[in-house]
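Take the sequence shown: its position 173, counted from the start at 1, is 173 in our numbering, and no numbers get skipped. Structure first, commentary second.
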Amino acid sequence: MTRFTHSHRRFNPLTNEWILVSPQRVQRPWLGQIEKPPRETRPAYDPDCYLCPGNARAGGKRNPPYDGVFVFDNDFAALLPDAATDARAEAAGLLCATRERGLCRVLCFSPRHDLTLPAMAHADIRRVVDAWTEQTRELGALDFIAYVQVFENKGEMMGASNPHPHGQVWASEHIPTEPTKELRAQREYLRAHDTCLLCDYLAAELAAAERIVLQNEHWVALVPFWAVWPFETMLLSRRHIGSMTETTDAERDALANIVKRLTTRYDHLFETSFPYSMGFHQSPTDDAAHPEAHLHAHYYPPLLRSATIRKFMVGYEMLAEPQRDLTAEIAAARLGALPE
Ligand code: H2U
Ligand code: ZN
């Protein structure tokens, strides 16, 4: 990668934003020994966990003795279906607000308190994929929902409130900011080139073969050229589909496969249960057609050098633009060399 040895900017065509890369600050890939943090042991069932089967949650509700995946309405939902706020698009002027209705759900991946996605069996991850798909379908079908955001915060470092394996689904009346940026870029690209931005990007990455982490028949995991987080990755469906609701049975099976393999590699990187925020970007569920949307997931992990040394997005990042030292190519090579 001799062409990327000194500071340069890379363009993110999905958001139309630039990032600063400073490879000269890491003269060589970091090869030091990694201290193994003590493995945390958790019981398979925790009587004090609000996500374990049969336990009580805040507000007096009780979880059923579930098996497999369990979905419930978040007891502290950030979005409410009948938001009474009268902020009906105060669109004029500088003080602008609008009503936002929606629904928030919590999705327990497993009844087992001690598991995480990489530790779960393929068949059980497949049930999680099916639940993501079903939630997208069900919430997206509501007439006041324009977007369904499926995501997971994993680990205390990412603000997960509980180690019990779980994710969330937030469905909203408007398309949120990040998907709005990405959809705009995809729409403009489609208009200009008559092809899909992410289909073309995937083809370019497969040809370059410098940032691919792993792949299977239906999905590719790569470190995007414009990655901001040190070990950020993206999962892309090979086929041009906009939403999980359009996946075939084989594609959902392959998604479970690549999620397990990618998160297993992440755990091996620093010999720790790897923290991240991840989520899917899919077609909006408003009334419009979205030929521009290409189903994908982003993994944003905070760790930089070890189980405890993280990257902070501060200073220059907050005030100017995101910056990284490690190139995407080196990050991809390191992830690509890990066992599954
Ligand atoms: P996170 O760990 O990603 O924050 O998700 C846990 C969610 O669970 C969080 O949004 C909800 C919180 O509001 N929750 C309940 O719905 N019921 C409870 O009894 C505790 C937490
Ligand atoms: Zn639990």
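We put the CB at the ideal spot given by N, CA and C, even for glycine.
Beta bridge counterpart(s) of Tyr276 as assigned by DSSP: Residue pairing by DSSP places Tyr276 opposite Lys154 in a beta bridge.
Beta-carbon spacing of Thr233, Leu338 below 9 Å: With contacts defined by Cβ atoms closer than 9 Å, Thr233 and Leu338 do not form a contacting pair.
Local conformation of Gln282 per DSSP, three classes: Coil.
Burial state of Thr272 (16 or more Cβ within 10 Å): Looking at its Cβ environment, which holds 16 or more other Cβ atoms inside 10 Å, Thr272 is buried.
Collapsed DSSP secondary structure at Met234 in the structure displayed: Strand.
Selection from Pro230, Glu217 and Pro224 that minimises the alpha carbon distance to Ser237: When only C-alpha atoms are compared, the closest one is Glu217.
First through last residue of the beta strand (DSSP E) which encompasses His8: His8 to Asn12 is the span of the beta strand (DSSP E), which, as asked, contains His8.
Val69 versus Leu202, Asp114 and Cys108, residue with shortest Cα-Cα distance: In this structure, Cys108 is the residue among Leu202, Asp114 and Cys108 with its C-alpha nearest to the C-alpha of Val69.
Where the beta strand (DSSP E) containing Trp18 begins and where it ends: Its beta strand (DSSP E) spans residues Glu17 to Val21.
Outcome for His8 when other beta-carbon atoms lying within 10 angstroms are tallied against a minimum of 16: Flag for His8 reads exposed.
Sequence-distant residues of the same chain with beta carbon closer than 7 Å to Arg359, five excluded per side: Only positions 1 to 340 of the chain appear in the structure, and residue 359 is not among them; the question remains open.
Whole beta strand (DSSP E) elements within the segment 111-179, 3-residue minimum: List check, beta strand (DSSP E) in window: 147-154 and 166-172.
Three-pair Cβ contact test at 8 Å for the segment 134-150 versus the segment 164-173: Yes: at least three Cβ pairs fall under 8 Å.
Through-space distance from His193 to Ala185, alpha-carbon basis: Spanning the alpha carbons of Ala185 and His193 requires a straight line of approximately 12 Å.
Range of the contiguous alpha helix (DSSP H) that encloses Asp73: Segment Phe70 to Asp73 is the beta strand (DSSP E) holding Asp73; no alpha helix (DSSP H) there.
Opposing strand residues paired with His296 [DSSP bridges]: Secondary-structure assignment with DSSP links His296 through a beta bridge to Leu236 and His281.
Residue of Glu329, Leu103 and Gly59 minimising C-alpha distance to Leu79: Minimum Cα distance to Leu79 is reached at Leu103.
Sheet register partners of Cys108 (DSSP bridge): Assignment of beta-bridge partners to Cys108 by DSSP yields Phe70 and His166.
Own chain residues within Cβ distance below 8 Å of Gly54, not counting five before or after: Sequence-distant partners of Gly54 (beyond 5 residues in either direction) whose C-beta falls short of 8 Å from its own C-beta, in its chain, are Arg62, Asn63, Pro64 and Pro65.
Start and end residues, alpha helix (DSSP H) containing Leu220: Sequence inspection shows Val at residue 220; the Leu mentioned does not correspond to that position. Careful: Val220 lies outside any alpha helix (DSSP H), inside the beta strand (DSSP E) at Trp219 to Leu222.
Member of Val106, Thr245, Ala121 and Thr5 whose CA lies at the smallest distance from the CA of Ala77: Nearest option by C-alpha distance: Val106.
Alpha-carbon spacing of His164 relative to Lys311, whole angstroms: Roughly 25 Å between the two C-alpha positions.
The segment 304-319 contacting the segment 188-206, beta-carbon criterion three pairs below 8 Å: No contact exists between the segment 304-319 and the segment 188-206.
Reduced DSSP secondary structure (H/G/I, E/B, other) of Ala77: Collapsing the DSSP output to three states places Ala77 in coil.
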